[in-house]
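J.: First the structure, then my questions, so here it is.
Protein chains in written order, with the working numbering: chain A, 41 to 357; chain B, 10 to 442.
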């Protein structure tokens with residue numbers, strides 16, 4: 041009896057490799073397809089935009105998807121009031137430059153209107169409260185789809201989430217009752233009041249996003265690159281020294297050369313020490329980095345093993 | 010003050026990466042076959058596990074008292090999965106080597122999760138089917154192989170795992186290989202590779218095994234890196250499902266009408282004669298654009314915008330096809346279906362929404378021709394209803410004509426889903442015959 045074994049791949053395979061499409065083109069084509077499905081299937085979609093690199097990538101993809109027309113949905117930002125000024129300025133300038141409609145809603149306003157109780161004490165964050173403002177904004181504008189920049193490589197609950205992620209009228213994600221998602225056939229049918237969160241760059245990694253930003257020659261907020269800054273050193277993490285974080289007796293105020301790997305809420309986003317001042321240097325640094333993005337810089341995910349899963353069940357992005 | 014950093018073009022050009030493409034593969038097998046360990050091993054040996062992830066699984070392994078580091082913990086994401094120690098839902102993992110980027114699709118192997126495996130298999134270029142060397146080809150091997158074949162996955166690797174527990178014996182491997190080949194002969198598997206491995210010890214996963222010198226074939230990673238996926242795409246039949254019509258309606262673009270969509274198969278070039286379905290109108294491609302710039306041609310899986318010479322009536326759900334090869338246009342469809350609803354059953358007479366490409370049409374089930382026992386491959390006649398995870402051949406009739414190709418000839422244009430009209434849930438996966 042003979043068992044056929046493959047010794048080496050034949051020459052035609054190697055030639056095919058040379059003419060194979062580039063992975064960034066493949067990821068881009070998939071994301072554009074998803075953007076267009078949103079525009080085709082929903083009446084009032086929105087693109088959640090924070091001024092961070094993932095949502096900047098989404099904007100570029102949306103521009104390409106609908107060129108030469110404008111992006112057929114507004115950019116929406118839920119502002120915690122604790123965002124980096126560089127990201128906020130970037131947000132405003134980009135929206136103006138590309139002629140997109142920008143909707144900003146403030147967590148501060150939700151806190152006042154609803155009498156919400158803010159977390160207090162060390163590591164207090166408005167991260168959880170964002171959900172209330174987001175759900176109110178969805179209701180106010182009757183958004184039926186919200187496009188977000190989440191990636192499956194970020195976090196293990198996200199690795200299980202659909203590209204079209206159904207949310208009930210309370211914005212809740214139910215991981216056990218997700219719709220099967222087959223081929224590239226996305227089912228965006230919903231009842232009034234429900235909505236779908238759509239993640240076009242689900243299959244991208246952090247490195248893919250950087251490589252794409254570079255390839256597309258995209259300008260980024262300056263905090264992504266090494267600069268000198270005054271920081272609070274707390275439990276080994278470097279937080280921005282800002283009035284919204286109150287240092288306690290164990291914290292140290294230090295000056296370091298840093299960059300931010302993600303640009304979320306300042307209260308739960310840590311800087312990394314770095315001398316990478318250009319995209320190439322950042323890419324080189326990430327390539328050799330042995331620590332994941334959220335692990336290194338997101339304090340909110342480290343509270344329990346299922347922190348993200350719990351937030352998503354409550355209506356978070 | 011805001012400081013922006015802009016990058017010059019010369020920098021962009023200096024950024025060189027190898028030509029790297031994507032491969033999506035699914036692993037099938039139950040938890041006892043060491044599936045999660047195999048994925049963990051692939052990630053570990055290709056140096057794709059980051060320090061903090063490694064620490065996290067070390068912490069979790071200790072707290073669960075499993076002795077050594079449990080690589081399987083890398084893929085279990087949801088709380089209930091960690092509690093039960095099984096993968097319930099489809100999970101995705103990303104890793105890369107200098108030659109290729111991989112999306113690993115991890116789906117559960119138990120029969121009650123067949124719909125999850127079907128879901129994961131729908132987008133896979135390759136399937137790794139795990140067989141426990143101590144047990145050989147078992148019921149679930151048959152089931153996983155049938156799903157891989159039915160979903161048209163072109164490449165199948167059968168990883169005969171736990172070779173260390175059968176003394177790394179060549180005879181044991183050959184015997185299992187022989188019985189698998191018998192099984193495969195009843196199925197539609199285009200490219201089959203059998204590899205003896207030990208995921209626990211890392212034998213023949215990334216590195217060649219010193220314990221099985223008799224095996225001269227490729228390692229698992231080597232097959233993953235070298236499989237030619239471009240050849241699997243249907244390059245002949247031009248199919249383009251219209252997603253959205255771009256009409257800027259500005260002064261300078263007053264008459265612009267661009268049809269946005271993705272090439273499902275074949276290629277389209279400027280000047281090509283095309284037909285619009287289901288209306289059967291003919292026209293000619295005036296221009297193809299990508300991101301607002303004109304391009305010469307669009308090939309399979311590219312998301313582009315097509316402009317036609319004639320002012321024809323086209324909207325979302327229509328298909329633009331090459332004039333040289335037409336799909337079948339019909340309201341009567343025969344398909345293999347995997348039923349996915351755990352609440353309601355499928356019965357003849359039931360009505361659903363069929364989504365095929367970007368087209369949606371109401372449809373009614375005419376008949377369940379026969380059910381297929383996915384373990385024994387037997388055909389069961391006179392079946393009245395299908396419940397969760399059942400596979401059957403059905404006949405349905407759509408309200409509007411559908412422009413399709415048989416699934417085994419054209420995966421992209423032969424696939425469809427059924428949606429429940431009241432709950433809006435996706436309840437069925439159809440492979441049109």
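C-beta: ideal position from N, C-alpha, C; glycine also. Computed from a predicted structure; not experimentally measured.
(1) Using only CA atoms, which one of A:245, A:87, A:110 and A:204 lies nearest to residue 110 (chain B)?
(2) Looking at the C-beta of residue 300 (chain B), does it have a partner C-beta in chain A at a distance below 8 angstroms?
(3) Would you report the Cα separation of residue 50 (chain A) and residue 268 (chain B), rounded to the nearest angstrom?
(4) Taking 8 angstroms as the cut-off, decide whether the C-beta atoms of residue 114 (chain B) and residue 198 (chain B) are in contact.
(5) Would residue 435 (chain B) count as contacting chain E if we go by Cβ distances under 8 angstroms?
(6) Hey, is residue 422 (chain B)'s beta-carbon within less than 8 angstroms of any beta-carbon in chain A?
(7) Whole angstroms are fine: how far does the CA of residue 251 (chain A) sit from the CA of residue 17 (chain B)?
(8) Below 8 angstroms, how does it come out for the stretch 140-147 of chain A and the stretch 113-126 of chain A: are there three or more Cβ pairs, yes or no?
(9) Going by DSSP, which residues form a beta bridge with residue 277 (chain A)?
(10) Roughly how far, in whole angstroms, is the beta-carbon of residue 123 (chain B) from the beta-carbon of residue 383 (chain B), given that I think they are within contact range, below 8 angstroms?
(11) Using the beta-carbon count (16 or more within 10 Å), is residue 223 (chain B) buried or exposed?
(12) Taking residue 75 (chain A) as part of the alpha helix (DSSP H), name the residues at either end of that continuous run.
(13) Please name the residue, chosen from B:152, B:228 and B:180, that lies closest to residue 213 (chain B) on a Cα-to-Cα basis.
(14) As a quick exercise: from B:346, B:305, B:55 and B:245, pick the residue whose alpha carbon is nearest that of residue 378 (chain B).
(15) Which residues of the stretch 242-255 of chain B have a Cβ closer than 8 angstroms to any Cβ of chain A? Give them in chain order.
(16) Closer than 9 angstroms by beta-carbon distance: list the chain B residues that pair up with residue 193 (chain A), in chain order.
(17) In this structure, what does DSSP give as the bridge partners for residue 440 (chain B)?
(18) Between the beta-carbon of residue 264 (chain A) and the beta-carbon of residue 299 (chain A), is there less than 8 angstroms?
(19) Identify, in the order they occur along the chain, each residue of the same chain with its Cβ nearer than 7 angstroms to the Cβ of residue 435 (chain B), setting aside the five sequence neighbours on each side.
(20) So, at 6 angstroms on beta carbons, what are the nonlocal neighbours of residue 326 (chain B) in its own chain, with the 5 sequence-adjacent residues on each side left out?
(21) Would you mind giving the Cβ-Cβ distance between residue 317 (chain B) and residue 293 (chain B), rounded to the nearest angstrom? I have them listed as a contact below 8 angstroms.
(22) So which residues of chain A does residue 265 (chain B) contact, with C-beta pairs closer than 9 angstroms?
(23) Answer with yes or no whether the minimum CB distance from residue 280 (chain A) to chain B is below 8 angstroms.
(24) Using a Cβ-Cβ distance under 8 angstroms, would residue 132 (chain B) count as near chain A?
(25) Counting Cβ pairs closer than 8 angstroms, one from the stretch 248-264 of chain B and one from the stretch 327-338 of chain B, do we hit at least three?
(26) Mind listing the chain A neighbours of residue 222 (chain B)? Cutoff is C-beta to C-beta under 9 angstroms, in chain order.
(27) If the criterion is Cβ atoms closer than 8 angstroms, does the pair residue 50 (chain B) and residue 211 (chain B) meet it?
(28) I'd like to confirm the pairing. Which residues does DSSP put opposite residue 299 (chain B) in its beta bridges?
(29) Please list the terminal residues of the continuous alpha helix (DSSP H) segment that includes residue 106 (chain A).
(30) Quick check: the Cα distance between residue 24 (chain B) and residue 320 (chain A), rounded to an integer number of angstroms?
(31) Tell me whether the stretch 214-222 of chain A and the stretch 158-176 of chain A touch, counting them as touching only if at least three CB pairs, one residue from each stretch, are closer than 8 angstroms.
(32) Taking 8 angstroms as the CB-CB cut-off, is residue 441 (chain B) touching chain A?
(33) Can you list the residues of chain A that residue 349 (chain B) reaches, using a CB-CB cut of under 7 angstroms?
(34) Hey, does residue 262 (chain B) have any beta-carbon neighbour from chain A nearer than 8 angstroms?
(35) Tell me the rounded alpha-carbon separation between residue 293 (chain A) and residue 193 (chain A).
(36) According to DSSP, simplified to helix, strand and coil, what is residue 380 (chain B)?
T.: The answer reads as follows:
(1) As a first step, residue 110 (chain B) must be located in the second chain, where it is residue number 101. Answer by Cα proximity: A:245.
(2) Here residue 300 (chain B) refers to the residue found at position 291 of the second chain. It does; some Cβ of chain A falls within 8 angstroms.
(3) On the first chain, position 10 is the one that residue 50 (chain A) refers to. On the second chain, position 259 is the one that residue 268 (chain B) refers to. No answer about residue 50 (chain A) holds up, because its pLDDT of 45 lies below 50 and its placement is not dependable.
(4) For the purposes of this step, residue 114 (chain B) is taken as the residue at position 105 of the second chain. For the purposes of this step, residue 198 (chain B) is taken as the residue at position 189 of the second chain. Their beta carbons are not under 8 angstroms apart, which means residue 114 (chain B) does not touch residue 198 (chain B) by this criterion.
(5) Although the question refers to chain E, the structure presented lacks it and instead comprises the protein chains A and B.
(6) Along the second chain, one-based indexing puts residue 422 (chain B) at 413. False, the Cβ-Cβ gap to chain A never drops below 8 angstroms.
(7) Residue 17 (chain B) sits at position 8 when you count from the first residue of the second chain. Residue 251 (chain A) sits at position 211 when you count from the first residue of the first chain. Residue confidence is low: residue 17 (chain B) scores 32 on pLDDT, short of 50, so the model does not pin down where it sits. Its coordinate-derived value is still stated next. Residue 17 (chain B) and residue 251 (chain A): Cα-Cα distance of roughly 15 angstroms.
(8) A contact exists between the stretch 140-147 of chain A and the stretch 113-126 of chain A.
(9) As a working note, residue 277 (chain A) is residue 237 in the first chain. BP columns for residue 277 (chain A) point to A:274.
(10) Here residue 123 (chain B) is taken as the residue at index 114 of the second chain, counted from 1. Here residue 383 (chain B) is taken as the residue at index 374 of the second chain, counted from 1. 7 angstroms between Cβ atoms; contact.
(11) Locating residue 223 (chain B) in the second chain gives position 214, counting from the first residue. Exposed is the call here.
(12) As a working mapping, residue 75 (chain A) is identified with position 35 in the first chain. Residues 63-81.
(13) The residue labelled residue 213 (chain B) in the question sits at position 204 within the second chain. Comparing Cα positions, the closest option is B:228.
(14) One-based indexing of the second chain puts residue 378 (chain B) at position 369. For residue 378 (chain B), the nearest C-alpha among the options comes from B:346.
(15) 252, 253 and 255
(16) Translated into positions along the first chain, residue 193 (chain A) becomes position 153. Those are 101, 102 and 103, listed as they occur along chain B.
(17) As a first step, residue 440 (chain B) is located in the second chain; it is residue number 431 there, counting from the start. Partner(s): B:345 and B:424.
(18) Residue mapping note: residue 264 (chain A) aligns to position 224 of the first chain, counting from 1. Residue mapping note: residue 299 (chain A) aligns to position 259 of the first chain, counting from 1. Contact flag set, yes.
(19) As a position in the second chain, residue 435 (chain B) is number 426, starting the count at 1. Cβ within range, chain order: 349, 426 and 428.
(20) Position 317 of the second chain, counted from the first residue, corresponds to residue 326 (chain B). Around residue 326 (chain B): 367 and 368.
(21) The count along the second chain starts at 1 and reaches residue 317 (chain B) at position 308. The count along the second chain starts at 1 and reaches residue 293 (chain B) at position 284. For residue 317 (chain B) against residue 293 (chain B), the beta-carbon gap comes to about 7 angstroms, under 8 angstroms, which counts as contact.
(22) By one-based count along the second chain, residue 265 (chain B) stands at place 256. By Cβ distance, chain A contributes 108 and 109.
(23) Taking the first chain and counting its residues from 1, the one referred to as residue 280 (chain A) is at position 240. No, no contact with chain B.
(24) Along the second chain, read from residue 1 onward, the residue named residue 132 (chain B) stands at position 123. At least one chain A Cβ lies under 8 angstroms of residue 132 (chain B).
(25) yes
(26) As a working mapping, residue 222 (chain B) is identified with position 213 in the second chain. Below the 9 angstroms Cβ cutoff, chain A contributes no neighbours of residue 222 (chain B), its closest Cβ being approximately 14 angstroms away.
(27) By 1-based counting over the second chain, the position of residue 50 (chain B) is 41. By 1-based counting over the second chain, the position of residue 211 (chain B) is 202. Cβ atoms of residue 50 (chain B) and residue 211 (chain B): closer than 8 angstroms.
(28) Residue numbering aside, residue 299 (chain B) sits at position 290 when the second chain is read from its first letter. Paired residues: B:302.
(29) The sequence position of residue 106 (chain A) within the first chain is 66, counting from 1. Element bounds for residue 106 (chain A): 93-106.
(30) The count along the second chain starts at 1 and reaches residue 24 (chain B) at position 15. The count along the first chain starts at 1 and reaches residue 320 (chain A) at position 280. With a pLDDT of 35 at residue 24 (chain B), under the threshold of 50, the predicted position of this residue should be treated as unreliable, and no value is reported.
(31) Too few Cβ pairs lie closer than 8 angstroms, so no.
(32) The residue you call residue 441 (chain B) lines up with position 432 of the second chain. Cβ-Cβ to chain A under 8 angstroms: no for residue 441 (chain B).
(33) The residue given as residue 349 (chain B) occupies position 340 in the second chain. The answer, in chain order, is 220.
(34) Your numbering for residue 262 (chain B) matches position 253 in the second chain. It does; some Cβ of chain A falls within 8 angstroms.
(35) Along the first chain, one-based indexing puts residue 293 (chain A) at 253. Along the first chain, one-based indexing puts residue 193 (chain A) at 153. Rounded to the nearest angstrom, the two C-alpha atoms are 33 angstroms apart.
(36) As a working mapping, residue 380 (chain B) is identified with position 371 in the second chain. Three-state DSSP puts residue 380 (chain B) in a strand.
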